[in-house]
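Step one of this worksheet: look at the structure below.
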Amino acid sequence: MIPVNEMVAKLRMARAVADDLGNRDFVIIARTDGLSAVDAPEPLRCMELAVDRGLRYLDSGIPDLLWCEFPTSDRGAVETFTQQIKQRFPDARFAFNWSSSFKWFKDPNPMTFAELGEMGVKFIFITLGAQHAEGHGLSVLLQAMSKDQQDGYIALQRKEFEQGQDFPTRSHHFFSGVPYHHLVGKVYDAARLGREYVETLPEDRVV
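Residues in the sequence shown are numbered from 9 upward in steps of one, following the working numbering.
Printed below as a string of structure tokens:
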């Protein structure tokens, strides 16, 4: 952990840069690792430290959201942190890492997004959630192709184009932003695509 005064200075610096760029809507999240910092001696990591740092950050008037990184999925710790912060800042807004490091599927009563909202959490994110989803999806595909060869990929396409589904990957050109790059290319006379791509591209021409 860095000294709290240094962190407050970094928050002020971030706000100053955002203001200089004319971006008043830039959201600044102040994070404290008072409970979870692996590089801090264990006796120093405690709720009191996390709350004190959170209050110091909010005293600066800079953060839009306060994020405490929790080492476990213990509901009680989250409730204690948010309640103690709200004693001085009743309108405080929090960010919460619904971390992929926690084995939520083994928890008989996992914290819900609705519960977090009641605690004042306004921004919920899952670190590495996309990486887990991508890795899982690719593993499923490779295992299916190893077993069923081409039919493994055909099964994937059937799911993509199943009626009622709306997967952006139906068109890898749309998904990767080809129409936008083509538009910019036309503006600067640098387009290389041989034809236009329109939003209503029929399924039999999807690429």
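C-beta: ideal position from N, C-alpha, C; glycine also.
Between the alpha carbons of Met153 and Ala163 lies a gap of roughly 10 Å.
DSSP, read as helix, strand or coil, puts Asn13 in helix. Judged by DSSP in its simplified three-state form, Trp106 adopts coil rather than helix or strand.
Cβ contact annotation for Phe183 (same chain, cutoff 8 Å, sequence separation greater than five): Pro176, Thr177, in chain order.
Taking 8 Å as the upper bound for CB-CB distance, Ala38 and Leu63 are not in contact here, some 11 Å apart. Gln171 and Leu149 have their alpha carbons spaced roughly 21 Å apart. Cβ atoms of Met9 and Asp33 stay farther apart than 8 Å, at about 29 Å. No residue range can be given for Leu29, since it is assigned to no beta strand (DSSP E) and is classified by DSSP as neither H nor E.
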